[in-house]
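Below is one structure, written out as structure tokens; the observations come after it.
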Amino acid sequence: MEIMIRPSVVWVVIVQFLLAGLAFLGAAESSRPNVLFLAIDDQNDWIGCLGGHPLVKTPNIDRLAGRGTLFANAHCQAPLCNPSRTSLLLGLRPGTTGIHGLSPWFRDVPQWASHVTLPQHFAAQGYRTLSAGKIHHSWRGPKPKDRVASSLPPEFGEAGPAGGPGALPPQKLVANTPFGNHPLVDWGVWPLDGDDSTKGDHAVASWAVEKLESLPGDRPFFLAAGFFLPHVPCYATQKWHDLYPADDSILPPMLEGDRDDTPRASWWIHWKLPEPRWKWVREQRQDVNLVRSYLACISYTDSEIGRVLDALDRTGHADDTVVVLWSDHGWHLGEKEITGKNTLWQRSTRVPLLFAGPGVKPGQKCSHPVELLDIYPTLVDLCGLPPAPHALEGLSLKPQLADASAGRERPAIISHNQGNHAVVTPAWRYIRYVNGAEELYDLAADPKEWKNLASQRPGVCKELRAWIPKIDHGPAPGSGSRILTLYDKTPVWEGEVIAPDAPVPDDF
Numbered sequence: 321m322e323i324m325i326r327p328s329v330v331w332v333v334i335v336q337f338l339l340a341g342l343a344f345l346g347a348a349e350s351s352r353p354n355v356l357f358l359a360i361d362d363q364n365d366w367i368g369c370l371g372g373h374p375l376v377k378t379p380n381i382d383r384l385a386g387r388g389t390l391f392a393n394a395h396c397q398a399p400l401c402n403p404s405r406t407s408l409l410l411g412l413r414p415g416t417t418g419i420h421g422l423s424p425w426f427r428d429v430p431q432w433a434s435h436v437t438l439p440q441h442f443a444a445q446g447y448r449t450l451s452a453g454k455i456h457h458s459w460r461g462p463k464p465k466d467r468v469a470s471s472l473p474p475e476f477g478e479a480g481p482a483g484g485p486g487a488l489p490p491q492k493l494v495a496n497t498p499f500g501n502h503p504l505v506d507w508g509v510w511p512l513d514g515d516d517s518t519k520g521d522h523a524v525a526s527w528a529v530e531k532l533e534s535l536p537g538d539r540p541f542f543l544a545a546g547f548f549l550p551h552v553p554c555y556a557t558q559k560w561h562d563l564y565p566a567d568d569s570i571l572p573p574m575l576e577g578d579r580d581d582t583p584r585a586s587w588w589i590h591w592k593l594p595e596p597r598w599k600w601v602r603e604q605r606q607d608v609n610l611v612r613s614y615l616a617c618i619s620y621t622d623s624e625i626g627r628v629l630d631a632l633d634r635t636g637h638a639d640d641t642v643v644v645l646w647s648d649h650g651w652h653l654g655e656k657e658i659t660g661k662n663t664l665w666q667r668s669t670r671v672p673l674l675f676a677g678p679g680v681k682p683g684q685k686c687s688h689p690v691e692l693l694d695i696y697p698t699l700v701d702l703c704g705l706p707p708a709p710h711a712l713e714g715l716s717l718k719p720q721l722a723d724a725s726a727g728r729e730r731p732a733i734i735s736h737n738q739g740n741h742a743v744v745t746p747a748w749r750y751i752r753y754v755n756g757a758e759e760l761y762d763l764a765a766d767p768k769e770w771k772n773l774a775s776q777r778p779g780v781c782k783e784l785r786a787w788i789p790k791i792d793h794g795p796a797p798g799s800g801s802r803i804l805t806l807y808d809k810t811p812v813w814e815g816e817v818i819a820p821d822a823p824v825p826d827d828f
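Residue numbers (the numbering used here): 321 to 828.
Okay, here's the thing in structure tokens:
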């Protein structure tokens, strides 16, 4: 007997099948963990759990590390905001992107205009993506005309407050700083009334708290919060300064003549900067004030991060959210005779990096050298997403998040402008500059990197030199600000030739 099936029944079955499939996909999507993506600007390893400064107080970051895995030997890809953050969000090295300076915005480079960033990959997998503060280079966010590139979604689906330094004093607290009296190169007690609510980081944290308390549970979220401090201007209210003594006991260890055994090329990569040299800071008797202000800003930012973590606990999301906390690069406070970033030494490259939440073993500390470049593939792995639509140059840290002693295939590699690289292994830091000059430090015997052994250990230098990236493009079109190039063996800093006999600037 022939069985007749009416077309209407067929459509009902098809629709039910599709709805069942969508329900299954929705269930799979909602079962994926959320992501809380916490970034800090210019934060070196002066974090309690990292032991970078004996007096620093960061109770909230420390408790996060206690319930997750801390990477105690993590390094940025570049010691400068724009190339570092571009590298992290694209999953590519600075030598691959050609982004070496504070400009251009990578979407203005045709090659990267349609490249899928980390949050965009999550958005494509059904995540609700939100961001406040400084995640991309500018805390003000991409310009409106740049928010959509090609057919890509916005960098984030929803944008919160821009953050930044917040309310500024009517005039700088530290007068006559070098390099044109740059408005952001300043530090001290501010606001004087002790009100932290006027600070940009407070607005960012408040927005993140509100989102955690109000987001619907229909799909997972990727919530990014970028904190500006301790970036200059290092303004913190009096109560945060009061956590630290106002005397030389807070100064980091420094070696007189520390640059005597470093090559002249080590100066090229920070030839003239807004940040003053340590010589100027000491002459102006601002050393204790600067270090104390930086420490105060660290503790203040830790408190705002604590507000966000408390909200994560309060809303019941601590168990279904992967938390990753990182900084874009470090900052010198007198070490190697400078303040600021733009170096290939530890104080400029070692940064906090920690994960907590689903798939992460708590209470671990991993000592393997790792890279910020590893964040993109790690989050993809932890959240069970398909691979990114383009090749990533980082390595997933998922094995180390399960077992901190799990092996690591390669060292950490840091670059600053074309031809300048550092290679960090558990035993060594090797640095090679664009003119071939080298440095080598035995990290076990000399953790402060005071004795350059390059001339004594040529075999080690040769071995580590092999790790320098083969792809090492020069500055992308439109590059500017803190760009070093080498033309016919002559170094050029931001368009200015550095003559062989030019004295090293000692005030900026």
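Quick reminder that beta carbons are idealized off the backbone N, C-alpha and C, glycines included. Quick caveat, the model's predicted, so the values are computed rather than measured.
In the DSSP assignment, residue 507 is bridged to 554.
Residue 363 places its beta carbon less than 7 angstroms from that of residue 647. With fewer than 16 other beta carbons inside 10 angstroms of its own, residue 798 counts as exposed. Membership of residue 616 in the alpha helix (DSSP H) is indicated by the continuous run 607-634.
Three or more beta-carbon pairs separated by less than 8 angstroms are not found between the segment 710-728 and the segment 756-768, which leaves the two stretches without contact. Closest option to residue 748, judged by alpha-carbon separation, among 777, 590, 583, 579: 777. Between residue 548 and residue 484, the CB-CB gap stays under 7 angstroms.
Residue 489 holds the alpha-carbon nearest to the alpha-carbon of residue 512 among 440, 489, 530. With a beta-carbon spacing of about 17 angstroms, residue 581 and residue 755 fall beyond the 8 angstroms limit used to define contacts.
Taking C-alpha positions only, residue 570 is separated from residue 442 by approximately 42 angstroms. Residues 356, 358, 525, 528, 529, 532, 545 of the same chain have their beta carbon placed closer than 8 angstroms to that of residue 628, with the five preceding and five following residues left out of the count. Approximately 6 angstroms separates the beta-carbon atoms of residue 473 and residue 440; this is inside 8 angstroms, confirming the contact.
Within its own chain, the residues whose Cβ lies closer than 7 angstroms to the Cβ of residue 392, once the five positions on either side in sequence are excluded, are 370, 685, 686, 687, listed in chain order. Here the segment 367-387 lies against the segment 602-618, with 3 or more beta-carbon pairs under 8 angstroms apart. DSSP places residue 401 in the uninterrupted alpha helix (DSSP H) bounded by 401-410. Using a C-beta cut-off of 8 angstroms, the segment 585-604 makes contact with the segment 811-827, since at least three inter-stretch Cβ pairs fall below that distance. For the pair residue 413 and residue 820, the Cα-to-Cα distance works out to about 31 angstroms. For residue 660, the secondary structure class from DSSP, reduced to helix, strand or coil, is strand. Of all C-beta pairs linking the segment 424-433 to the segment 805-816, fewer than three are shorter than 8 angstroms, placing the two stretches out of contact. Within the segment 511-574, the complete beta strand (DSSP E) runs of at least 3 residues fall at 541-547, 554-556. Of the candidates 556, 732, 424, the residue whose Cα lies closest to the Cα of residue 795 is 424. Less than 7 angstroms divides the Cβ of residue 435 from the Cβ of residue 410. For the 7 angstroms CB-CB criterion, residue 670 and residue 655 do not form a contact. The three-state reading of DSSP puts residue 382 in helix, counting H, G and I together. Annotation: residue 365 to residue 672 spans about 6 angstroms, alpha carbon to alpha carbon. A check of alpha carbon separations from residue 664 across 680, 735, 717 identifies 735 as the nearest. About 12 angstroms separates the CB atoms of residue 789 and residue 732; that is not less than 8 angstroms, and the two are not in contact. For residue 453, the enclosing beta strand (DSSP E) has its first and last residue at 448-453. Residue 619 is classed as buried because its beta carbon has at least 16 other beta carbons within 10 Å across all chains shown. Here residue 554 is near residue 507, since their CB atoms are less than 7 angstroms apart. Look at residue 723 here: in three-state DSSP terms it is coil, with no helix or strand label.
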